[in-house]
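J.: From first to last, the protein sequence lines stand for chains A and B. Per the numbering used here, the very first residue in the first sequence carries number 1; after that it's consecutive. Per the numbering used here, the very first residue in the second sequence carries number 1001; after that it's consecutive. The beta-carbon is built from N, C-alpha and C at its ideal position, and this holds for glycine as well. Can you read through this structure? Questions will come right after.
2 protein chains.
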Amino acid sequence: MTSAERALQELRELILGGGLAPGARLGEVELAERLGVSRTPVREALSRLAAEGLVEISPNRGARVATWTVAELEGVFDLRMSLEPQLTGFAVPNASAADVAELHELAHRMVQVGSPGPRQDLDALVPLNRAFHDRLVALAGHPTLATALAAAIHPPIVRRNFSAYDAESLRRSLAHHLEIVAALRAGDARWARAVMTAHISNARAVMVRAATAGTTQDPTDEEAS
Amino acid sequence: MTSAERALQELRELILGGGLAPGARLGEVELAERLGVSRTPVREALSRLAAEGLVEISPNRGARVATWTVAELEGVFDLRMSLEPQLTGFAVPNASAADVAELHELAHRMVQVGSPGPRQDLDALVPLNRAFHDRLVALAGHPTLATALAAAIHPPIVRRNFSAYDAESLRRSLAHHLEIVAALRAGDARWARAVMTAHISNARAVMVRAATAGTTQDPTDEEAS
DNA sequence: ACCCCTACGTTTGCACACAATCTTCGAGGG
DNA sequence: CCCTCGAAGATTGTGTGCAAACGTAGGGGT
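And the structure:
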């Protein structure tokens, strides 16, 4: 694996994992020594991340972690609403019994882990949720739609923890997963599309509310001198 | 403007304009001296073009102009079918009388230029068509959807001349533009969406037919020694 | 007291050089 | 005659140095 790829993945992880706050300055030399490589692969990584929409580059002024307004966040959800139900519908005829069982397993574990109580673990929900949606997208067998969706989803995933969900919305979200599995088992593409549309609408409401409320979060740079 | 940007735009023009055939090898040194810059900005341009999907990069094996199978072409049209009607619908409430007049003017000129006869000029149709669709997308006021659409449309635009259209399909396409304007004037988003869906379905049928028939086109590299 | 202009430090943009990898061509053995 | 192995050439990947542009602080002028 090349150094540029390593830098790319590491930076992506850092941004998506919250290690770098939105708006934070990304100096080339700082990142270079932080990742143990030269500036060249760092530049390449930053360029590609800019193409993905994770960082913003101003000529001669360097790169910063991208920030998103509420309007842009809503735009992303519009896009998801256009694509994910479609992908889910495509997945229906391709789902084997084994696939359905696997998805059911994932949805079931999400209910166990996500239900309120002493065993609730919202952080464990994130990889399960991701696995569920990724599996579904893979089943659709539609690389073009999948790529467009992935490009759109990446940015707002930054704060993609489930802490923003209130109990009611979370319960709905978990139920949706199970219902999607049911629709797959029934071979009903229209049903699956409808549930996915509802699923994203629910998520949109939660995220927009969180973003609107959390406008007060620190926009400070990480300029610890 | 930076050298990397110049290289990016020039390469894009070269690929989209047909100056570089799909599958053609893109040597860094060759491009560098062809554009009069060093390898560094060329590398950056190639990297970004790869992110756009116009070129494909294999590690240690260089870059080539991207190629698309018929299946991928159909995938792109699936994506357009998901996004463009949506964008057209969003444009409806934002369209002022002046906007409608402008779009009507464009659609009318396309009919004049595109109708069979001695004054037919298929090449002149391309910029008009592009202006029409761009105007419509701009009216939607939805940067996120617009960006996703633009990213998807770029690749297959390579052969985006209207020579593939038979008389019947071309007449339909021109009529669609006028009908979309009518829907805008009526303020009927559902109507506009439906016509746009039909418009893209028509285009899909034409392009897929052309791609299937034209599989015999030369896959030769430009290895002029 | 406020504004503008200038000089400095920092950072990015680009070019060049070296190292690592892949491809190709040729020779030897089976 | 074909296959395998090896070396040379070419190409990509990465590090480093230099020049240009930007941001900022300080001094002079109005």
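Name, going along the chain, the residues of the stretch 44–65 of chain A whose beta-carbon falls closer than 9 Å to a beta-carbon of chain B.
T.: So the close ones are Glu44, Ser47, Arg48, Ala50, Ala51, Glu52, Gly53, Pro59 and Asn60.
J.: Figure out for me which residue from B:Ser1003, B:Leu1128, B:Gly1075 and B:Leu1008 has the closest Cα to the Cα of B:Ser1201.
T.: Position 201 of the second sequence, counted from the first residue, corresponds to residue 1201 of chain B. Measuring from the Cα of B:Ser1201, the nearest candidate turns out to be B:Gly1075.
J.: Going by C-alpha to C-alpha distance, which of A:Gly53, A:Ala71 and A:Glu44 sits closest to A:His154?
T.: Looking up residue 154 of chain A in the first sequence gives position 154. Taking only the C-alpha atoms, the option nearest A:His154 is A:Gly53.
J.: Which of the three DSSP states is assigned to A:Val158 in this structure?
T.: Residue numbering aside, residue 158 of chain A sits at position 158 when the first sequence is read from its first letter. Only weak support is given to the placement of A:Val158: the predicted model assigns it a pLDDT of 49, under 50, and the value that follows is read from those uncertain coordinates. Of the three classes helix, strand and coil, the one that applies to A:Val158 here is helix, per DSSP.
J.: Return the bridge partner residues of A:Glu56 from the DSSP annotation.
T.: Translated into the one-based positions of the first sequence, residue 56 of chain A becomes position 56. A:Arg64.
J.: Give the interface partners of A:Thr2 over in chain B, defined as CB-CB distance under 7 Å, in chain order.
T.: Taking the first residue of the first sequence as position 1, residue 2 of chain A is located at position 2. In chain order: Pro1059.
J.: Might you give, ordered along the chain, the residues of its own chain that have their beta carbon closer than 8 Å to the beta carbon of A:Glu102, omitting 5 neighbours on each side?
T.: Start at 1 with the first residue of the first sequence, and residue 102 of chain A comes out as number 102. So the qualifying residues of the chain are Arg135.
J.: Closer than 7 Å, CB to CB, is A:Val158 near chain B or not?
T.: One-based indexing of the first sequence puts residue 158 of chain A at position 158. The predicted position of A:Val158 is uncertain, since its pLDDT is 49 and thus under 50; a value taken from the coordinates is nonetheless stated next. Output row for A:Val158: interface = no.
J.: Please compile the residues from chain A whose C-beta is within a distance smaller than 8 Å of the C-beta of B:Pro1041.
T.: Counting from one through the second sequence, the residue named residue 1041 of chain B turns up at place 41. Within chain A, no residue comes near B:Pro1041; the closest Cβ sits about 11 Å away, beyond 8 Å.
J.: Flag this pair as yes or no: are the beta carbons of A:Ala7 and A:Val37 separated by less than 7 Å?
T.: As a position in the first sequence, residue 7 of chain A is number 7, starting the count at 1. As a position in the first sequence, residue 37 of chain A is number 37, starting the count at 1. Contact flag set, yes.
J.: Does B:Glu1005 come out as helix, strand or coil in the three-state DSSP assignment?
T.: Start at 1 with the first residue of the second sequence, and residue 1005 of chain B comes out as number 5. Under the three-state reduction of DSSP, B:Glu1005 is assigned to helix.
J.: Three-state secondary structure (DSSP) at B:Leu1020?
T.: For the purposes of this step, residue 1020 of chain B is taken as residue 20 along the second sequence, with counting starting at 1. Residue state, collapsed to three classes: coil.
J.: Taking the straight line between their C-alpha atoms, what separation do you get for A:Tyr165 and B:Glu1005?
T.: Here residue 165 of chain A refers to the residue found at position 165 of the first sequence. Here residue 1005 of chain B refers to the residue found at position 5 of the second sequence. Looking at the two C-alpha atoms, the distance is approximately 42 Å.
J.: Taking any Cβ of chain B, which residues in the stretch 124–148 of chain A have a Cβ under 7 Å from it, in chain order?
T.: His142, Pro143, Thr144, Leu145 and Ala148
J.: Measuring only between beta-carbons, confirm whether A:Gly75 sits less than 7 Å from chain B.
T.: Translated into positions along the first sequence, residue 75 of chain A becomes position 75. Yes, A:Gly75 counts as interfacial toward chain B.
J.: Are the Cβ atoms of B:Val1092 and B:Ala1192 separated by less than 7 Å?
T.: By 1-based counting over the second sequence, the position of residue 1092 of chain B is 92. By 1-based counting over the second sequence, the position of residue 1192 of chain B is 192. Closer than 7 Å, so yes.
J.: Answer with yes or no whether the minimum CB distance from A:Gln9 to chain B is below 7 Å.
T.: Indexing the first sequence from 1 puts residue 9 of chain A at position 9. Judged by the 7 Å Cβ criterion, A:Gln9 is not in contact with chain B.
J.: Out of B:Pro1059, B:His1177 and B:Phe1090, which has the shortest C-alpha to C-alpha gap to A:Met1?
T.: For the purposes of this step, residue 1 of chain A is taken as the residue at position 1 of the first sequence. Comparing Cα-Cα distances from A:Met1 to each of B:Pro1059, B:His1177 and B:Phe1090, the minimum goes to B:Pro1059.
J.: Determine the DSSP secondary structure at B:Arg1235, reduced to helix, strand or coil.
T.: The structure shown does not extend to residue 1235 of chain B, since chain B is modelled only from 1001 through 1225, so no value can be given for it.
J.: Would you say B:Gln1112 lies against chain A (beta-carbon separation less than 7 Å)?
T.: Here residue 1112 of chain B refers to the residue found at position 112 of the second sequence. Residue-level contact by beta carbon fails for B:Gln1112 and chain A, as no gap is shorter than 7 Å.
J.: Quick check: what's the CA-CA separation for A:Ala194 versus A:Gln120?
T.: By 1-based counting over the first sequence, the position of residue 194 of chain A is 194. By 1-based counting over the first sequence, the position of residue 120 of chain A is 120. Using only the alpha carbons, I get a separation of about 28 Å.
J.: Could you check the C-alpha separation between A:Leu49 and A:Arg204 for me, to the nearest Å?
T.: Position 49 of the first sequence, counting from 1, holds the residue named residue 49 of chain A. Position 204 of the first sequence, counting from 1, holds the residue named residue 204 of chain A. Roughly 25 Å separates the two Cα atoms.
J.: What does DSSP give as the partner residue(s) for A:Leu26 in the beta ladder?
T.: Locating residue 26 of chain A in the first sequence gives position 26, where the first residue counts as 1. Residue pairing by DSSP puts A:Leu26 in a beta bridge opposite A:Ala63.
J.: Taking the alpha carbon of A:Leu125 as the reference point, which residue from A:Leu145, A:Ala150, A:Gln86 and A:Arg171 has its own alpha carbon closest?
T.: On the first sequence, residue 125 of chain A is found 125 positions in, with the first residue counted as 1. The residue with the shortest Cα to Cα distance from A:Leu125 is A:Arg171.
J.: Any C-beta of chain B sitting closer than 7 Å to the C-beta of A:Leu31?
T.: Position 31 of the first sequence, counted from the start, is the residue given in the question as residue 31 of chain A. No, because no Cβ of chain B sits closer than 7 Å to the Cβ of A:Leu31.
J.: To the nearest angstrom, report how far apart A:Arg130 and B:Ser1003 are at their CA atoms.
T.: As a working mapping, residue 130 of chain A is identified with position 130 in the first sequence. As a working mapping, residue 1003 of chain B is identified with position 3 in the second sequence. So the alpha carbons of these two residues sit roughly 40 Å apart.
J.: Whose CA, out of A:Ala152, A:Leu178 and A:Ala213, lies closest to the CA of A:Glu72?
T.: Working through the first sequence from its first residue, we reach residue 72 of chain A at position 72. Closest in alpha carbon position to A:Glu72, among A:Ala152, A:Leu178 and A:Ala213, is A:Ala152.
J.: How about A:Val55 and A:Ala24: do their beta carbons lie closer than 7 Å?
T.: Start at 1 with the first residue of the first sequence, and residue 55 of chain A comes out as number 55. Start at 1 with the first residue of the first sequence, and residue 24 of chain A comes out as number 24. Taking 7 Å as the Cβ cut-off, A:Val55 and A:Ala24 do not qualify as a contacting pair.
J.: Just to check my reading of the structure: B:Leu1087 and B:Ala1146 have Cβ atoms closer than 8 Å, yes? What is that Cβ distance to the nearest angstrom?
T.: Within the second sequence, residue 1087 of chain B is the residue found at index 87, counting from 1. Within the second sequence, residue 1146 of chain B is the residue found at index 146, counting from 1. Indeed they touch by this definition, with Cβ atoms about 7 Å apart.
J.: Tell me which same chain residues have a C-beta within less than 7 Å of the C-beta of B:Glu1084, skipping the five on either side of it?
T.: Within the second sequence, numbered from 1, the residue matching residue 1084 of chain B stands at position 84. Cβ within range, chain order: Leu1149, Met1196 and Ile1200.
J.: Starting from the beta carbon of A:Ala151, find every residue of chain B whose beta carbon is closer than 8 Å, and list them in chain order.
T.: Residue numbering aside, residue 151 of chain A sits at position 151 when the first sequence is read from its first letter. Simply Ala1148 and Ala1151.
J.: If you compare alpha carbons, which of A:Ser96, A:Glu10, A:Ile15 and A:Arg209 is closest to A:Leu184?
T.: Counting from one through the first sequence, the residue named residue 184 of chain A turns up at place 184. Per the Cα distances, A:Ser96.
J.: Take A:Asp188 as the anchor and find which of A:Ala198, A:Phe90, A:Leu20 and A:Thr67 has the nearest alpha-carbon.
T.: Taking the first residue of the first sequence as 1, we reach residue 188 of chain A at position 188. For A:Asp188, the nearest C-alpha among the options comes from A:Phe90.
J.: Can you tell which of A:Thr144, A:Gly27, A:Val181 and A:Pro118 has its C-alpha closest to the C-alpha of B:Met1232?
T.: With chain B covering only 1001 through 1225, there is no way to say anything about residue 1232 of chain B.
J.: Quick check: is the beta carbon of A:Ser201 nearer than 7 Å to any beta carbon in chain B?
T.: As a first step, residue 201 of chain A is located in the first sequence; it is residue number 201 there, counting from the start. It does not: the Cβ of A:Ser201 has no partner Cβ on chain B nearer than 7 Å.
J.: Of all Cβ atoms in chain B, is any one closer than 7 Å to the Cβ of A:Leu79?
T.: Against the first sequence, residue 79 of chain A aligns to sequence position 79. True, the Cβ-Cβ gap to chain B drops below 7 Å.
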